[in-house]
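Residue numbers (this note's numbering): 4 to 432.
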């Protein structure tokens, strides 16, 4: 398997995940299994976590005066308990992890999850299940390789807790965590709409005027539009390949029947033409699947990633407004305190206490905003680098696949032309 194929598989270092400078943690989402029936049915996955160990050699003095050594297994993740752990998880567990990280790590672009299928007949199709598995694998590896997120206690619980513990954790959630995935997605949509209104000038709340920030917001919204348009046409390409493959299959069957009715050299040629068409049909269907998994899905994943960035932009906007509101209130408190001090009011002590509390809150809000700004700048740089790598791989795979398919089709028809020419010569003679 070449390096690009390893990347696209979503294992160890996925193209849609940041590279890790400390590759001591590898996660695989495997073996999807359908459980339950009807509306209660769901897919479970085996989540396998492996740790790349570091070793410590301890030298001991034996009874006979010789040195012996003992190797102790260690890892750069001491909070994990073993070199390998296997747990069973369902989609709602991944949602739990995403929601927890979004709430705790302001300023960081939390990796997106694949959407749930709203169409019942597609929910448990083999292709949908595999796409979902691959996307979940990408999701969790992005987190595990992130310089900040991989240290999360929530990630540790997700990767190591038993199923009963995870179920209890999900049921104990409150506030934003208590919302269903559909409700949270609506929150993100509302947030994105709000940010869109700000960018388009429909609303004029307290907003940053930093030119670089405005430039970044404009880029993010433009990128989302362009990615969505590219993904739409990638979908059409997949559909076209499948339809052409089906047409070739139907044509092949019809020509084989036609050949059977001839019973001579022409009939044999027709039969071979039918078989050739069916073989090419299989190639087209296979290439359509590769196109879906390695081209359309990465584009769709990046559309989701940009939506995560927009949610972080909204968090930054909220932090900025909070900072401004507290700063403004603090000024009023300061003026009031000065006034009470001047008139030697008996309420000075109380006002001074309120002022100090508000000042501490204001400073905390400023620190929170500045942290978000710093993290966002770092995240955007990382995102740009990773996007360049991922899009390069995706388009490279697309071009190779199309070239491979075109050559197969051309070779198949080219090899068949002499047989058709021979049939024509027989007719002429």
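Note that CB positions come from ideal geometry on N, CA and C, so glycine has one too. Since the model is a prediction, treat every value here as computed from it, not as a measurement.
Apart from the five residues on each side of it in sequence, which residues of its chain come closer than 6 Å, Cβ to Cβ, to residue 93?
Reading the chain shown from its first residue, position 90 is the one you call residue 93. 45 and 47.
My assumption, with CB atoms under 8 Å, is that residue 417 sits in contact with residue 379. Please give the rounded CB distance.
Within the chain shown, the letter at position 414 stands for residue 417. Within the chain shown, the letter at position 376 stands for residue 379. Actually they are not in contact, since the Cβ atoms of residue 417 and residue 379 sit about 55 Å apart, beyond 8 Å.
For residue 307, the residue or residues it bridges with in DSSP
Walking along the chain shown from the start, residue 307 turns up at place 304. For residue 307, which the question treats as bridged, DSSP gives no partner whatsoever.
Cut-off 6 Å between Cβ atoms - residues of its own chain near residue 50, not counting five sequence neighbours on either side
Mapped onto the chain shown, residue 50 falls at position 47. 32, 90 and 92, listed in sequence order.
Indicate whether at least one CB of chain C lies closer than 8 Å to the CB of residue 366.
Going by chain labels, chain C is absent from the structure shown, which holds only one protein chain.
Drop a sphere of 10 angstroms on the beta-carbon of residue 1, count the other beta-carbons inside from all chains shown, and report buried for 16 or more, exposed for fewer.
A question about residue 1 goes unanswered here, because the residues of the chain that appear run from 4 up to 432.
Cα separation between residue 218 and residue 362?
Position 215 of the chain shown, counted from the start, is the residue given in the question as residue 218. Position 359 of the chain shown, counted from the start, is the residue given in the question as residue 362. Taking the straight line from one Cα to the other gives about 32 Å.
Indicate whether the contact test is met: 3 or more Cβ pairs, each with one atom in the stretch 264–281 and one in the stretch 297–309, closer than 8 Å.
Taking a cut-off of 8 Å on C-beta distances, the stretch 264–281 does not touch the stretch 297–309, as fewer than three cross pairs fall below it.
Smallest Cα separation from residue 385: which of 28, 111 and 52?
On the chain shown, residue 385 is found 382 positions in, with the first residue counted as 1. When C-alpha distances from residue 385 are compared across 28, 111 and 52, the shortest belongs to 111.
Might you give, ordered along the chain, the residues of its own chain that have their beta carbon closer than 6 Å to the beta carbon of residue 162, omitting 5 neighbours on each side?
Your numbering for residue 162 matches position 159 in the chain shown. Correct list, in chain order: 52.
Spatial distance of residue 272 from residue 262 (CA atoms)
For this step, residue 272 is matched to residue 269 along the chain shown. For this step, residue 262 is matched to residue 259 along the chain shown. Each residue's alpha carbon lies about 7 Å from the other.
Cα-Cα, which of 213, 250, 264 and 146 is closest to residue 105?
Here residue 105 is taken as the residue at index 102 of the chain shown, counted from 1. Out of 213, 250, 264 and 146, the CA that lies nearest to the CA of residue 105 is found in 146.
On the DSSP bridge assignment, give the partners of residue 47 in chain order.
By 1-based counting over the chain shown, the position of residue 47 is 44. DSSP output for residue 47 lists 36 and 93 as bridge partner(s).
So, helix, strand or coil for residue 315, using DSSP?
In the chain shown, counting from the first residue as 1, residue 315 sits at position 312. Of the three classes helix, strand and coil, the one that applies to residue 315 here is helix, per DSSP.
Report buried or exposed for residue 175, applying the criterion of at least 16 other Cβ atoms within 10 angstroms of its Cβ.
Here residue 175 corresponds to residue number 172 of the chain shown, with the count starting at 1. Exposed, by the Cβ-count rule.
Roughly how many angstroms separate the alpha carbons of residue 116 and residue 295, rounded to a whole number?
Translated into positions along the chain shown, residue 116 becomes position 113. Translated into positions along the chain shown, residue 295 becomes position 292. Distance from the CA of residue 116 to the CA of residue 295, rounded to the nearest whole angstrom, comes to 17 Å.
Is the CB-CB distance between residue 333 and residue 311 below 8 Å?
Taking the chain shown and counting its residues from 1, the one referred to as residue 333 is at position 330. Taking the chain shown and counting its residues from 1, the one referred to as residue 311 is at position 308. Remark: C-beta atoms of residue 333 and residue 311 do not approach each other more closely than 8 Å.
Could you tell me the distance, in whole angstroms, from the CA atom of residue 396 to the CA atom of residue 265?
As a first step, residue 396 must be located in the chain shown, where it is residue number 393. As a first step, residue 265 must be located in the chain shown, where it is residue number 262. Taking the straight line from one Cα to the other gives about 49 Å.
Could you pull out every residue in the same chain whose Cβ sits closer than 7 Å to the Cβ of residue 327, ignoring the five residues on either side in sequence?
Here residue 327 refers to the residue found at position 324 when the chain shown is read from its first residue. 209.
Rounded to whole angstroms, what's the CA-CA distance from residue 65 to residue 86? Just pull it up for me.
Against the chain shown, residue 65 aligns to sequence position 62. Against the chain shown, residue 86 aligns to sequence position 83. Model confidence at residue 65 stands at a pLDDT of 49, short of 50, so the residue's coordinates are unreliable and nothing is read from them.
Would you report the Cα separation of residue 421 and residue 409, rounded to the nearest angstrom?
Numbered from its first residue, the chain shown carries residue 421 at position 418. Numbered from its first residue, the chain shown carries residue 409 at position 406. C-alpha separation (whole angstroms): 20 Å.
Own chain residues within Cβ distance below 6 Å of residue 180, not counting five before or after:
As a working note, residue 180 is residue 177 in the chain shown. Only weak support exists for where residue 180 lies, its pLDDT of 47 falling under 50; the value from the coordinates is given anyway. Closer than 6 Å at Cβ, skipping near neighbours: 102.
Would you list the residues sitting across from residue 54 in a DSSP beta bridge?
Along the chain shown, read from residue 1 onward, the residue named residue 54 stands at position 51. Bridge partners of residue 54: 28.
Please classify residue 402: is it buried, with 16 or more other beta-carbons within 10 angstroms of its beta-carbon, or exposed?
Position 399 of the chain shown, counted from the first residue, corresponds to residue 402. Residue 402 comes out exposed.
CB of residue 255 within 8 Å of CB of residue 287, strictly:
Position 252 of the chain shown, counted from the first residue, corresponds to residue 255. Position 284 of the chain shown, counted from the first residue, corresponds to residue 287. Between residue 255 and residue 287, the gap from beta carbon to beta carbon reaches 8 Å or more.
Taking residue 242 as part of the alpha helix (DSSP H), name the residues at either end of that continuous run.
Here residue 242 is taken as the residue at index 239 of the chain shown, counted from 1. Unbroken alpha helix (DSSP H) run through residue 242: 214–265.
Return the Cβ separation of residue 223 and residue 316 in integer angstroms, given the expectation that the two are a contact with Cβ distance under 8 Å.
Here residue 223 is taken as the residue at index 220 of the chain shown, counted from 1. Here residue 316 is taken as the residue at index 313 of the chain shown, counted from 1. A Cβ-Cβ distance of about 7 Å is found for the pair residue 223 and residue 316, placing them in contact under the 8 Å criterion.
Give me the Cα-Cα distance between residue 339 and residue 372, rounded to the nearest whole angstrom.
Counted from its first residue, the chain shown places residue 339 at position 336. Counted from its first residue, the chain shown places residue 372 at position 369. C-alpha separation (whole angstroms): 27 Å.
Going by C-alpha distance, which of 242, 276 and 236 is nearest residue 252?
For the purposes of this step, residue 252 is taken as the residue at position 249 of the chain shown. Out of 242, 276 and 236, 276 has the C-alpha closest to the C-alpha of residue 252.
Same chain, Cβ closer than 8 Å to residue 357, five either side skipped, listed in chain order
Against the chain shown, residue 357 aligns to sequence position 354. So the qualifying residues of the chain are 336.
Identify every residue that forms a DSSP beta bridge with residue 130.
Locating residue 130 in the chain shown gives position 127, where the first residue counts as 1. For residue 130, which the question treats as bridged, DSSP gives no partner whatsoever.
Report, in whole angstroms, the separation of the C-beta atoms of residue 28 and residue 149, which I expect to be a contact under 8 Å.
Numbered from its first residue, the chain shown carries residue 28 at position 25. Numbered from its first residue, the chain shown carries residue 149 at position 146. About 11 Å separates the beta carbon of residue 28 from that of residue 149, a gap too long to meet the 8 Å contact definition.
Own chain partners of residue 344 with C-beta closer than 6 Å, once the 5 adjacent residues on each side are dropped
Residue mapping note: residue 344 aligns to position 341 of the chain shown, counting from 1. Only 351 meet the Cβ criterion.
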